[in-house]
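Protein sequences appear in the order of chains A and B. Each residue of the first sequence is one higher than the last, beginning at 1162 in the numbering used here. Each residue of the second sequence is one higher than the last, beginning at 34 in the numbering used here. Following: one structure in structure tokens, then a few remarks.
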Amino acid sequence: MKSYQFTYQTSITFDSKVSDHHFKLRCLPYRCKYQTIEEEDFSVSPCKNLMRSTDGFGNELIFGSTCEPHKSFTFASRGIVQLSQHLIVEEPNNIFRLPTILTEANEEMKKFASDVCSFETNIVKDTLSFVEALHERMKYESSSTTVKTSAIEAFTQGKGVCQDFSNVVLAVLRSKGIACRYVNGFIPGEGESHAWIEVNDNGIWYSIDPTRKHLIESDYLKIAQGRDFNDCTIERGVFIGNALQHKNVHVTMAEI
Amino acid sequence: METLIRHKDAVNTWMERFGVKFGIYKHGVFNEQLFPFDSVPRVISHDEWTVLEKGLIQRCNALNAFLLDIYNEKKIIKDGVVPSEFVYSSKGYFVECEGITPSKGIFAHIAGIDLVQAKDGTWYILEDNLRIPSGASYPMIARNITRKVSPETFVNNHVADNRNYSDLLKETMDYVNDGRGINVILTPGRYNSAFFEHSYLAEKSGAVLAFPGDLIVEDDMLFYKDISGEKMRVGAVYRRVSDEYMDPLTFEESSVLGVPNIMQIYAMGNVAIVNGIGNGVADDKGIYYFVPKMIKYYLGEEPILKNAPTYLPYFEEDKKYVLENLSKLVIKDVSEAGGYGVVFGRDLDAEHLKEMYDLVDKEPRRWIAQEVIDFKDLEIIENGEYVERKADLRAFVLTGKETKVWKSGLTRFSRNPNSFVVNSSQGGGFKDTWVMED
């Protein structure tokens, strides 16, 4: 078992003042058996009205509002978490078997998948083989997609980032009726947040990184889980104002 | 009753003065029109009502049990009574409501159950409306006016007073509010088709009529801000805003009609939302088929009221029957409401019948099919003559400490002699509904 320290910060700047800014954030570690939280802290600025709860997927939420006009908005979290083997014994909720708009598969994807494996005997092994084959077909290219890009679109254009690789794998698994979910979180290093998936085989959830093509052991920090990206968004906000926004995200995670 | 009929025009004039209106969007243009009133009431005998009342209470209790189960334990799915895909693929199911137990465990506080009576006198349930059923204000105000115009009618006939609807509403709101704060009615605003009703019910039930922007979430609670900036805690929101617009941070992001983050404090149990969020999963036209099964499952009782004979093309056997008998059935799109998406097989020519056939064949989950019920027509007066028209009845069932049926209802009729569709959004009219005391 290893301990990791993480820091997360997002700064949003607006080119003119906005007000009545309401937000909902998911930037605290997910509570589960393989993540023991030793320290945790967060801040939102400017904000006088801050609250906490969890959503239907068990994700930690920070929410609130800032009425005063402002041109910048920053939220940050940090903490120390002990991580162990990514395995959870749990019968999956059937909603994880159904495709969402972002995780639908078309005939081409289904055909591509069935040429690789059957997903019948060993789901985890087959998922990894599929991921391997997918990289022959799709290449990683930063900024090649947006958060609204669906699995079909990413697969068709043959490129994407971590969330697209995850969406495509989820879409294919769901087309076979296999329960699987989208995960958003941090990995050791410095940069932005990362996305991966969990797949349920015989009542056990396994974590797989479709971008880096491997079964996840223990050094991934899960922040949020859901059916797809939309259930896991780190930040959602509404405000009054007509402003262009610029967003800067910075994540660090290191073993201690 | 004759005196009442003589006063039909007087009643309609009064209603116009009171602003009893219904907004309709057609071709993207908003028009407010009067909801035409016909003075011949629908009369329901005391004995007939007793059965209806029992049946409606039973149905709504089962629907509430279903909603609580679906968003929590899901026993009915695990026991194989309702297939899970019907639940999860329903547009009315919201994963965001998973694990939520609303105040007092009630999801459907105000149910509008639509019924029709067949020629042989049997009542059939046509659909359940558990989201934001509208229409209670029309018979309330019509009764108020008819009593003024023709007081002797109500001396000679022992009709149950229906002007207590607002008391029932207040009772329900108070029960789930549980002393947390004030009651508010949240309206999307004056361009909503039922704005008249929102303001009328607020006035009558003593709730504050709140517009989007008047409500704010702070310190895990909901507050109403009045014009002076004074804040009052809200304990119950009777919202007339659709689920998907209720919280821009949880549902439709572009919504300006809702309250940001209200879902979080609703999930914590710090505010009651009337009706609950996610109720659409229980009034889905596909789930309708399973309601009699729910009654047996949750209550261990035989259903008192019948569903219209319904087929689910999702089941192979039903699909076969539906495809073979398409021309004599009514086909409904499960995701549509307000009389839209309803197709009568007999009105289709060969080409359209073929199109329908393919649609049902390709997407069986999207459709239900029902036998056409031979409606008992009701008399209305048109140009001084009695004519018969199709009509339905929307009964209002309110669940608070107890489940109660309002002794009246909205009887809507089709003004077009050839139409079976009676929805007010499709330009129908309405009648008063008399429930007799003896």
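From the three backbone atoms N, C-alpha and C, an ideal C-beta is built for every residue, glycine too.
query	result
Under 7 angstroms from the C-beta of histidine 1183 of chain A: neighbouring residues of chain B	Leu282, Pro293 and Asn294
Three CB pairs or more closer than 8 angstroms across the segment 1166-1175 of chain A and the segment 1401-1414 of chain A	yes
Serine 1303 of chain A: first and last residue of the uninterrupted beta strand (DSSP E) it sits in	From DSSP, serine 1303 of chain A is part of no beta strand (DSSP E); its letter is neither H nor E.
Serine 72 of chain B beta carbon near the ligand MN (any heavy atom closer than 7 angstroms)	Ligands in the displayed structure: none, and consequently the ligand MN is not present.
C-alpha distance - asparagine 308 of chain B paired with isoleucine 1384 of chain A, whole-angstrom precision	32 angstroms
Phenylalanine 1224 of chain A at chain B interface by Cβ criterion, 8 angstroms	yes
Cutoff 8 angstroms: alanine 300 of chain B Cβ touching any chain A Cβ	yes
Rounded separation between arginine 266 of chain B and leucine 255 of chain B - CA only	6 angstroms
Buried or exposed by the 16-neighbour rule on C-beta atoms within 10 Å, applied to aspartate 252 of chain B	exposed
Span of the beta strand (DSSP E) around tryptophan 1357 of chain A	1355-1362
Methionine 279 of chain B in three-state terms, based on DSSP	coil
At least three beta-carbon pairs within less than 8 angstroms, the segment 81-92 of chain B to the segment 213-221 of chain B	no
Stretch pair the segment 228-236 of chain B + the segment 85-100 of chain B: three plus CB contacts closer than 8 angstroms	no
N-terminal and C-terminal residue of the beta strand (DSSP E) that asparagine 1210 of chain A is part of	1210-1215
Cα-Cα separation, aspartate 407 of chain B to phenylalanine 1257 of chain A	43 angstroms
Minimum Cβ-Cβ distance from isoleucine 1249 of chain A to chain B less than 8 angstroms	no
Proximity test, Cβ basis, 8 angstroms: aspartate 253 of chain B and chain A	yes
Whole-angstrom distance between glycine 311 of chain B and tyrosine 104 of chain B, CA atom to CA atom	9 angstroms
Rounded separation between lysine 1272 of chain A and lysine 1232 of chain A - CA only	50 angstroms
Presumed contact (8 angstroms Cβ cut-off) between glycine 1402 of chain A and lysine 1178 of chain A, rounded CB distance	6 angstroms
Buried/exposed call for histidine 191 of chain B, threshold 16 Cβ in 10 Å	exposed
Bounding residues of the beta strand (DSSP E) (the contiguous stretch that carries isoleucine 72 of chain B)	As written in the sequence, residue 72 of chain B is serine, which differs from the isoleucine given in the question. That run of the beta strand (DSSP E) goes 70-77.
Nearest residue (CA-CA) to asparagine 449 of chain B, options B:Gly461, B:Ser441 and B:Gly442	B:Gly461
Chain A contacts made by the segment 123-153 of chain B, where a contact means CB separation under 8 angstroms	Val128, Glu129, Cys130, Glu131, Gly132 and Ile133
Between the CA atoms of tyrosine 331 of chain B and valine 168 of chain B - distance to the nearest angstrom	Note that residue 168 of chain B is glycine in the sequence shown here, rather than valine. If you take the alpha carbons of glycine 168 of chain B and tyrosine 331 of chain B, they lie about 29 angstroms apart.
Against chain B: residues of the segment 1315-1343 of chain A by CB proximity under 9 angstroms	none
CB contact flag (glycine 125 of chain B, glycine 1217 of chain A, <8 angstroms)	no
Option nearest lysine 1309 of chain A by Cα separation, candidates A:Asn1391, A:Ile1173 and A:Tyr1165	A:Asn1391
Inter-residue Cα distance where the pair is proline 116 of chain B and serine 1206 of chain A	47 angstroms
Closer than 9 angstroms at the beta carbon, the chain B residues around asparagine 1210 of chain A	Ile249, Val250, Glu251 and Asp252
One or two residues paired with serine 1177 of chain A in a DSSP bridge	Bridge partners of serine 1177 of chain A: none, in fact.
Extent of the continuous beta strand (DSSP E) run through valine 289 of chain B	Where valine 289 of chain B is concerned, there is no enclosing beta strand (DSSP E), given that its DSSP letter is neither H nor E.
Where threonine 186 of chain B falls: helix, strand or coil (DSSP)	helix
Any C-beta of chain A under 8 angstroms from that of glutamate 286 of chain B	yes
DSSP beta-bridge partners of arginine 445 of chain B	B:Asp425 and B:Phe463
Rounded Cβ spacing between valine 1292 of chain A and aspartate 1362 of chain A (contact assumed at less than 8 angstroms)	About 15 angstroms separates the two Cβ atoms, so there is no contact after all.
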